[in-house]
Amino acid sequence: MTNVAHPIVIVGAGGAGLIAAWRAASMGAPVILFEKNTKVGIKLLISGGGKCNVTHDGAMEELRREFSHHESRFLKHAFFSFTNADVRRMLEARGVATLARPNGRVFPSTGRAADVVEALLSLLWECSVKVRLGSRVESILIDGNGVRGIVVQGKTLLAQHVVLATGGASYRKTGTTGDGFLWATAMGHSVVPLRPALAPIGLRPPLPDAWRGIALRDGCLYAYSAGKRVDSCRGDLLFTHEGISGPAPLAVSRAAAQAMEVGDVSLRFDFFPGLDPSALDQALNQLIRSNGRKQLGTILEALVPNRMIEWLLTSVHVSVQTRGHVLLRADRAAVVRLLKSWEMGSVERIDLDRGEVTAGGVALSEVDPHTMASRIVPGLYLAGEVLDIAGPIGGYNLQAAFSTGFVAGESAAREWLDSHESGLLIARE
Ligand SMILES: Cc1cc2nc3c(=O)[nH]c(=O)nc-3n(C[C@H](O)[C@H](O)[C@H](O)COP(=O)(O)OP(=O)(O)OC[C@H]3O[C@@H](n4cnc5c(N)ncnc54)[C@H](O)[C@@H]3O)c2cc1C
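At position 385 of the sequence shown (counting the first as 1) the number is 388 in my numbering, and the numbers step up by one without a gap.
Okay, here's the thing in structure tokens:
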């Protein structure tokens, strides 16, 4: 089969697909990008609460270490091929200045995710990528020699190089319905079971409705299963209509969801991770001594949000009305235990669809980390969340999508150019 006229096909116009398309086209290969939505970068638009935390500041080696061991090893080449500095340079060259917050998170300085998407789109126009919106790819065609094309809206398009950038299986309304996982499985790939990550957590029994909107700052959340700690995270926690959300719950949700598959998972919260129990006891004692005539409920307002105090004290059988100067030592010890290790309840649910990322995906051992090429199907490349990669919050996931997209686009273009017109690459670089 001659393939001169066959373009490189990119499936999915999220962070990974957009960068893959740009990189491949900028090297001189013809590229068609298919997106089922009527606009590109839907998830980018909602990321970071509409502000888009595009990447994380710092050495790429440090960014890499935020991923689990096997993910981090896999990402090494990609992270150094297209770094956080490259992401910022790319955006800044399109007029989108970026800003690193003190916590390392990098945002467009306008605080508008739409600016990031527009910048990426302008890169595509510049290098003549054909963008097909409202075009759901139905299947990938392969034969014994590898990729042969795709079927889109009932029509076959021949292609020998396809980049799968279809994202995960959460936030399905944004278009990520897990199509890539089904195709990868049908083509012989293993897909590591899909699980929610960075998802809110529902608790059993539910916590009081009146707590909605309360934020606990800089505590430590622990998840336990069968008496063993499965994960923990120090950070903020927010009470919502669903249960708990915010940085700490989102961070432990992945391990908690996995542990739930084999048994009950319970959560505990330490309000003061920076103080050991005796230091907290001393601090509390001091507070009580200097407010001896006040009721315990009032005294604790200095430590715990108002709306929670009565409920929490009742849970440890201490009266909110007890005056400080008559508080028994045993009751003070109970309050310290509560503040250091509040038993929040059991995890009722963690929904895949509510995860900011999908953990699991196409097995990394079946993808070459230097090219993002499938080790199973020649001509197939994979990038972004369709892979078994899920990082923490902070811009890590978009960086992973951009870096793997860059490598996938570059490798597909190199192969395309090698097999078509080897002089072109040199001429255009
Ligand atoms: C609410 C929310 C907030 C987030 N905030 C951040 C953040 O601030 N920083 C960060 O780093 N990460 C964030 N993430 C995670 C991050 O957005 C994703 O990890 C990243 O976008 C994944 O990029 P991707 O290109 O692999 O997939 P996606 O961006 O999901 O793109 C995949 C695309 O493929 C398309 N597609 C799927 N199937 C087909 C098909 N059959 N035919 C055609 N098109 C198809 C989909 O419509 C979709 O547009 C957030 C996620 C969510 C849900």
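Idealized CB from N, CA, C, for every residue including glycine.
Remember, predicted model here, so these are calculated numbers, not experimental data.
Per-residue DSSP class, three states only, for residue i
i, result
"H192", "coil"
"F242", "strand"
"L197", "strand"
"D89", "helix"
"S50", "helix"
"S1", "Lying before the first or after the last residue shown, residue 1 is absent from the chain, which here runs from 4 to 432."
"A376", "strand"
"M30", "coil"
"E129", "helix"
"Q163", "coil"
"I396", "coil"
"Q156", "coil"
"P280", "helix"
"I13", "strand"
"H423", "helix"
"P203", "coil"
"I143", "strand"
"E369", "helix"
"P99", "Residue identity check: residue 99 is Val in the sequence provided, not Pro. Looking at V99 - three-state DSSP - the assignment turns out to be coil, as it is neither helix nor strand."
"K176", "helix"
"T5", "Low confidence applies to T5: its pLDDT is 44, below 50, so where it sits in the model is not reliable enough to give any reading."
"K79", "helix"
"E460", "With the chain covering only 4 through 432, there is no way to say anything about residue 460."
"S318", "helix"
"V150", "strand"
"E38", "coil"
"V109", "strand"
"R431", "Residue confidence is low: R431 scores 32 on pLDDT, short of 50, so the model does not pin down where it sits. Its coordinate-derived value is still stated next. Correct three-state label for R431: helix."
"E359", "coil"
Ligand 1 heavy atom lying under 6 Å from the CB of residue i
i, result
"L401", "yes"
"Y174", "yes"
"T169", "yes"
"Q40", "Gln is not the amino acid found at residue 40; the sequence shown has Asn there. Flag set: Cβ of N40 near ligand 1."
"T179", "yes"
"R139", "yes"
"G451", "With the chain covering only 4 through 432, there is no way to say anything about residue 451."
"G277", "no"
"V360", "yes"
"D182", "yes"
"N56", "yes"
"E388", "yes"
"S50", "yes"
"G53", "no"
"G412", "no"
"I45", "yes"
"G107", "no"
"G249", "no"
"F70", "no"
"A226", "no"
"G15", "yes"
"G157", "no"
"G152", "no"
Contact set for residue i: own chain, Cβ-Cβ below 7 Å, skip 5 residues either direction
i, result
"P10", "P33, V34, I35 and A162"
"T113", "none"
"W314", "P211"
"G266", "S228 and A229"
"D354", "P199 and A202"
Neighbourhood of residue i by C-beta, 6 Å cutoff - its chain only, sequence neighbours within 5 removed
i, result
"A415", "I11, A27, H164, V166 and Y384"
"G397", "H59 and R108"
"G205", "E245, G246, E351 and R352"
"L316", "V323"
"H80", "P372 and H373"
"G137", "T41"
"I392", "E74 and A403"
"F184", "V194"
"S422", "none"
"A260", "R198, P199 and I353"
"G53", "A116"
Beta carbon proximity, residue i to chain D, threshold 7 Å
i, result
"A386", "The structure shown has no chain D; it contains just one protein chain."
Same chain, Cβ closer than 8 Å to residue i, five either side skipped, listed in chain order
i, result
"I302", "L290, I291, N294 and G327"
At least 3 beta-carbon pairs within less than 8 Å: the segment 153–168 vs the segment 93–105 | no
So does the segment 347–362 actually touch the segment 118–136, counting three or more Cβ pairs closer than 8 Å? no
Can you find at least 3 beta carbon pairs, one from the segment 369–387 and one from the segment 137–156, that sit closer than 8 Å?
yes
> Would you say the segment 220–228 touches the segment 178–198, given that touching needs at least three Cβ pairs under 8 Å?
Replying inline: no
**Asked** Counting pairs of beta carbons, one from the segment 202–216 and one from the segment 362–374, are three or more of them closer than 8 Å?
**Response** no
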